[in-house]
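Peer 1: In our numbering, the protein residues as written are 62 to 253.
This is the structure, below, for whatever I ask next.
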């Protein structure tokens, strides 16, 4: 008997959302301001925990076939936030994921309700360090704001970030150290 296997192209997130079991460990959501290392940290953390990794910004771009900057230009920030909210709602139907959130995902009440069902981790990074990283960024729509405006945006979001289950001080730490700190804090958090 001959067995044939056919591979069909499909979207990776579609695979995650349609395969596997619903039950399992809570999702880990990584939040923080732009340029705090959420994506790179999330990828490494997912590898260490043997979980799937989802970057919401990348998934919105993949689903729309548009760069975030283009979505902001054509639909405004509110249009982007709607796409982001719908994506996060779908992601929340699965478990065992490490999810890197866009810096503004925390602004939406519906998203915050979803994050409470998982573990929300805030990568706390000093604004000056963020500003220095943003000077080399071309693809972040809000990064084009001036120092004072961007700093005010950071200050406005900070109270929401600080409601996270776990806050990680990322000042001058490398990704490996940040991940080790997260793993330790998750373990401590689960024991309480």
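Using N, Cα and C, we set each Cβ at its ideal position, and we do this for glycine too.
Between the Cα of residue 117 and those of 105, 91, 177, 134, spot the shortest distance and give me the residue it belongs to.
Peer 2: In the chain shown, residue 117 corresponds to position 56, counting from 1. Closest option to residue 117, Cα to Cα, is 91.
Peer 1: Excluding the 5 residues preceding and the 5 following residue 231 in the sequence, name in chain order all residues of the same chain whose CB lies nearer than 7 Å to its CB.
Peer 2: By 1-based counting over the chain shown, the position of residue 231 is 170. Around residue 231, the same chain offers 97, 98, 184, 185, 186, 239 as residues with beta carbons nearer than 7 Å, after the five sequence neighbours per side are excluded.
Peer 1: If we ignore side chains and look at the alpha-carbon of each, how far apart do residue 216 and residue 205 end up?
Peer 2: The residue given as residue 216 occupies position 155 in the chain shown. The residue given as residue 205 occupies position 144 in the chain shown. About 17 Å.
Peer 1: Is the beta carbon of residue 218 closer than 8 Å to that of residue 167?
Peer 2: As a working mapping, residue 167 is identified with position 106 in the chain shown. As a working mapping, residue 218 is identified with position 157 in the chain shown. The answer is yes: Cβ separation under 8 Å.
Peer 1: Starting from residue 136, trace the alpha helix (DSSP H) in both directions and tell me its first and last residue.
Peer 2: Numbered from its first residue, the chain shown carries residue 136 at position 75. Run containing residue 136: 129 to 152, per the alpha helix (DSSP H) assignment.
Peer 1: Just to confirm the assignment: which complete beta strand (DSSP E) runs, minimum length 3, are found wholly within the stretch 147 to 233?
Peer 2: 158 to 161, 180 to 185, 227 to 230
Peer 1: Between residue 158 and residue 88, which are expected to be in contact by the criterion C-beta below 8 Å, what is the C-beta distance as a whole number of angstroms?
Peer 2: Against the chain shown, residue 158 aligns to sequence position 97. Against the chain shown, residue 88 aligns to sequence position 27. Correct: roughly 5 Å between the Cβ atoms.
Peer 1: So, under 8 Å CB-CB, residue 180 and residue 253 are touching, yes? Tell me the CB distance rounded to an integer number of Å.
Peer 2: What you label residue 180 is simply residue 119 of the chain shown in a count that begins at 1. What you label residue 253 is simply residue 192 of the chain shown in a count that begins at 1. Contact doesn't hold; Cβ gap of about 12 Å is too wide.
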